[in-house]
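A.B. asks: For the sequence shown, our numbering assigns the number 430 to the last residue and increments by one with no breaks.
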Amino acid sequence: MPHVHVTHLASKSAVLGTVVLSLLAVPAHAAPTGSLPKPDLTALHGALRTAVAQGAPGAMARIDDHGSVRWAVAGVADRKSGRAISNADRFRIGSVTKTFSTVVLMQLAKEGKLNLDASVDRYLPGLLPDRRITVRQVLSHRSGLYDYTNDMFAKTVSGFEAVRTKVFTLRQLVDRSLKHTRTNAPGAAYSYSNTNFVVAGLLIEKLTGHSVKTAYENRIIKPLKLRDTLYVHPGKKIPGRHAKGYLTPDKAGAPLVDATEQTVSWAQSAGAVISSTRDLNTFLSALLGGRLTAPSQLKQMERMTPVNSTQAYGLGLRRRDLSCGVSVYGHTGTVQGFYTYAFASKDGRRSLTSLATTSNNDGVYNTMLGTLESAFCGKKAKVRRSAAVVEHSEDAAARAVRD
Numbered sequence: 028m029p030h031v032h033v034t035h036l037a038s039k040s041a042v043l044g045t046v047v048l049s050l051l052a053v054p055a056h057a058a059p060t061g062s063l064p065k066p067d068l069t070a071l072h073g074a075l076r077t078a079v080a081q082g083a084p085g086a087m088a089r090i091d092d093h094g095s096v097r098w099a100v101a102g103v104a105d106r107k108s109g110r111a112i113s114n115a116d117r118f119r120i121g122s123v124t125k126t127f128s129t130v131v132l133m134q135l136a137k138e139g140k141l142n143l144d145a146s147v148d149r150y151l152p153g154l155l156p157d158r159r160i161t162v163r164q165v166l167s168h169r170s171g172l173y174d175y176t177n178d179m180f181a182k183t184v185s186g187f188e189a190v191r192t193k194v195f196t197l198r199q200l201v202d203r204s205l206k207h208t209r210t211n212a213p214g215a216a217y218s219y220s221n222t223n224f225v226v227a228g229l230l231i232e233k234l235t236g237h238s239v240k241t242a243y244e245n246r247i248i249k250p251l252k253l254r255d256t257l258y259v260h261p262g263k264k265i266p267g268r269h270a271k272g273y274l275t276p277d278k279a280g281a282p283l284v285d286a287t288e289q290t291v292s293w294a295q296s297a298g299a300v301i302s303s304t305r306d307l308n309t310f311l312s313a314l315l316g317g318r319l320t321a322p323s324q325l326k327q328m329e330r331m332t333p334v335n336s337t338q339a340y341g342l343g344l345r346r347r348d349l350s351c352g353v354s355v356y357g358h359t360g361t362v363q364g365f366y367t368y369a370f371a372s373k374d375g376r377r378s379l380t381s382l383a384t385t386s387n388n389d390g391v392y393n394t395m396l397g398t399l400e401s402a403f404c405g406k407k408a409k410v411r412r413s414a415a416v417v418e419h420s421e422d423a424a425a426r427a428v429r430d
């Protein structure tokens, strides 16, 4: 077993809590990092500290890179106990769940059980009012189906409290969407909607004959030996060691709301998975490295529709184009109390998962974007020209006012 040198940088602050940055040196047998710039660990650590200063009780990040592991943490996992946050903590991954759902469906397509260009109606007769909507359009957010969470979380805290212990069927969630006019004709435009991945969940259950939970376990979790990845719906607790999530109210200065315990039944196959930074990096590396789908399926996931000048969306997969010219693939996730960035290089050999334990806070969301720049652009990352440029999460339970 090769010798691994570990270094630690630690400090304490009454505001930030314990801050730790650790680096595991690359083992002698590891492959070189290729053309990617080296990660900027100081900047990574700085982004987490800033997120905590902006209102996130805790923040953390982990980089897996050709056999090496680098991580950083800031703040606390639990505001009451004051326990420092750790990359060993589990958390709710929000819309990163959509990539899990897509992988299952791509495997089913490879098995000949699903045609991506077939109408959803072929598999779920009568579910949707327009037979032109295809499976591919659902997975790429081009179906035109209205996002029911727009209404559900029009008011952030009261909307959350109204559903945090409720249990919905997937069809009930689709019905909420169908009460509204569709955003566009099938295939006409990209329009992010959680409804699409509720439909994906129904497809998974119909085609496998099993629950979404069983499909995730049999097709992803067990084969990859993901020890922290769970689907507990309709259970409300995060089992084992975990970070608590805190929802930022709409009213400035109002106290944070502990949103950790909830059924997440309002999201399910669109956003209810629990995981860890280690497991998400393993998952993305396996996916982009071609170990979860056939090459033809992965290419289809990576066939992108532009979202804006820096983002594009494929099938359950985002691409972000960073300031140094590097493009990374993965997904963002927002569920009450948690912001997640989970991305990897095109070949899957470098992956980053970062987390801040709050939501409905645009400042924190944008700061955490800096973890991608630090991990993949390193010191070549370029400062934004205007601090006024602000992104808003479009994932599950994103904010009171949606993009």
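Note that beta-carbon positions come from the ideal geometry of N, C-alpha and C, so glycine has one too.
#1: Between A402 and P66, what straight-line distance do the alpha-carbon atoms span, to the nearest angstrom?
#2: G131 and A242: beta carbons closer than 8 Å?
#3: Considering just the uninterrupted stretch of the beta strand (DSSP E) at L234, what are its terminal residues?
#4: So for M331, helix, strand or coil by DSSP?
#5: Comparing C-alpha positions only, which one of T210, Q295 and S204 sits nearest to S128?
#6: Measure the Cβ-Cβ separation of T192 and K271 and say whether it is below 8 Å.
#7: Tell me whether T196 is buried or exposed, calling it buried when 16 or more other Cβ atoms sit within 10 Å of its Cβ.
#8: Give me, in chain order, the residues of the same chain whose beta-carbon lies closer than 7 Å to that of D285; leave out the 5 immediate sequence neighbours on both sides.
#9: Taking the CB atoms as reference points, tell me whether L379 and F370 lie closer together than 8 Å.
#10: CB T77 to CB H358, shorter than 8 Å?
#11: What does DSSP give as the partner residue(s) for A23 in the beta ladder?
#12: Smallest Cα separation from N221: which of Q164, R268, G236 and A145?
#13: Nearest to W98 by CA position, among S292, P213, A70 and P322, is which residue?
#14: What are the uninterrupted segments assigned as alpha helix (DSSP H) that are 4 or more residues long and contained completely in the region 276-322, given in chain order?
#15: To the nearest angstrom, how far is the alpha carbon of A321 from that of Q134?
#16: May I have the straight-line CA-CA distance separating E329 from R345, to the nearest angstrom?
C.D. replies: On the basis of the coordinates in this document:
#1: Counting from 1 along the sequence shown, the entry for residue 402 is found at position 375. Counting from 1 along the sequence shown, the entry for residue 66 is found at position 39. Cα to Cα, the separation comes out at about 5 Å.
#2: Mapped onto the sequence shown, residue 131 falls at position 104. Mapped onto the sequence shown, residue 242 falls at position 215. For the sequence presented, residue 131 should be read as Val rather than Gly. Cβ distance < 8 Å, so V131 and A242 count as in contact.
#3: Residue 234 sits at position 207 when you count from the first residue of the sequence shown. Segment N221 to T235 is the alpha helix (DSSP H) holding L234; no beta strand (DSSP E) there.
#4: Taking the sequence shown and counting its residues from 1, the one referred to as residue 331 is at position 304. Coil at M331, not helix or strand.
#5: Taking the sequence shown and counting its residues from 1, one reaches residue 128 at position 101. The residue with the shortest Cα to Cα distance from S128 is Q295.
#6: Counting from 1 along the sequence shown, the entry for residue 192 is found at position 165. Counting from 1 along the sequence shown, the entry for residue 271 is found at position 244. No, the Cβ-Cβ distance between T192 and K271 is not below 8 Å.
#7: Here residue 196 is taken as the residue at index 169 of the sequence shown, counted from 1. Exposed is the call here.
#8: In the sequence shown, the residue the question calls residue 285 occupies position 258. Closer than 7 Å at the Cβ level, and outside the excluded window around D285, lie K271 and Y273.
#9: Working through the sequence shown from its first residue, we reach residue 379 at position 352. Working through the sequence shown from its first residue, we reach residue 370 at position 343. Closer than 8 Å, so yes.
#10: Counting from 1 along the sequence shown, the entry for residue 77 is found at position 50. Counting from 1 along the sequence shown, the entry for residue 358 is found at position 331. Their beta carbons are not under 8 Å apart, which means T77 does not touch H358 by this criterion.
#11: Summary: the structure shown does not reach residue 23, with the chain confined to residues 28 through 430, and so no result is reported for it.
#12: Taking the sequence shown and counting its residues from 1, one reaches residue 221 at position 194. Nearest option by C-alpha distance: Q164.
#13: Numbered from 1 along the sequence shown, position 71 holds the residue referred to as residue 98. Comparing Cα positions, the closest option is A70.
#14: 304-315
#15: Position 294 of the sequence shown, counting from 1, holds the residue named residue 321. Position 107 of the sequence shown, counting from 1, holds the residue named residue 134. The straight-line gap from Cα to Cα measures roughly 8 Å.
#16: One-based indexing of the sequence shown puts residue 329 at position 302. One-based indexing of the sequence shown puts residue 345 at position 318. If you take the alpha carbons of E329 and R345, they lie about 8 Å apart.
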